[in-house]
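In what follows, a single structure is set out as structure tokens and then discussed.
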Amino acid sequence: MSEQATAPVRMLGLNPNEVPLEQIDVSQAELFEHGEHWGFFERLRRDDPVHYCANSEYGPYWSVTKFKDIAHVDKHHKIFSSEPTVTISEPSEEVPFQSFIQMDPPKHDVQRAAVQGTVAPRNL
């Protein structure tokens, strides 16, 4: 007999400190729509800064929630690749090109150099 996946627990309206860590799913858009995501990220940073969500409507994913860990991931593209996408949902077929944020070096560096001056803080 095969196991059936259970539906993700809806987070909206729940106390982040009372939800079991293994059930926390910060991919739910309604958390952001209602400003209720902050408490869940605070909980993850405190109790599970590199959090694996096994059960979401998008499938399993990782949340890296502390700056030093994010910086480590960013600097080690051979281990933590941005390709083919940086989103948890499937890429849209309507967008036929890849954004440089979805690329690993050296392709990322070439694309970034082309726009770096334009989007520098002094120009924004």
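According to numbering that gives the first Met the number 0, the stretch in the sequence shown is residues 0 to 123, in order. Even glycine gets a Cβ: it sits at the ideal position worked out from N, Cα and C. If you're wondering where the values come from, they're calculated on a predicted model, not measured in any experiment.
Would you list the residues sitting across from W61 in a DSSP beta bridge? As a working note, residue 61 is residue 62 in the sequence shown. Beta-bridge pairing links W61 to Y51.
Leaving out five residues before and five after V63 in sequence, what residues of the same chain have Cβ atoms less than 6 Å from its Cβ? Here the question's residue 63 lines up with position 64 in the sequence shown. The residues are V49, I69, V72.
Quick one: Cα of F39 to Cα of D103, how far? Start at 1 with the first residue of the sequence shown, and residue 39 comes out as number 40. Start at 1 with the first residue of the sequence shown, and residue 103 comes out as number 104. If I take the Cα positions, the gap works out to 29 Å.
For V25, is the classification buried or exposed, using 16 other Cβ atoms within 10 angstroms of its Cβ as the cut-off for buried? If you number the sequence shown from 1, residue 25 lands on position 26. It is buried - the Cβ of V25 has at least 16 other Cβ atoms within 10 Å.
For a test of the three-state rule: what should DSSP assign to K67, helix, strand or coil? The residue you call residue 67 lines up with position 68 of the sequence shown. K67 falls in the helix class under three-state DSSP.
Going by CA-CA distance only, name the one from F66, K65, W61 that's closest to F79. For the purposes of this step, residue 79 is taken as residue 80 along the sequence shown, with counting starting at 1. Nearest C-alpha to F79: W61.
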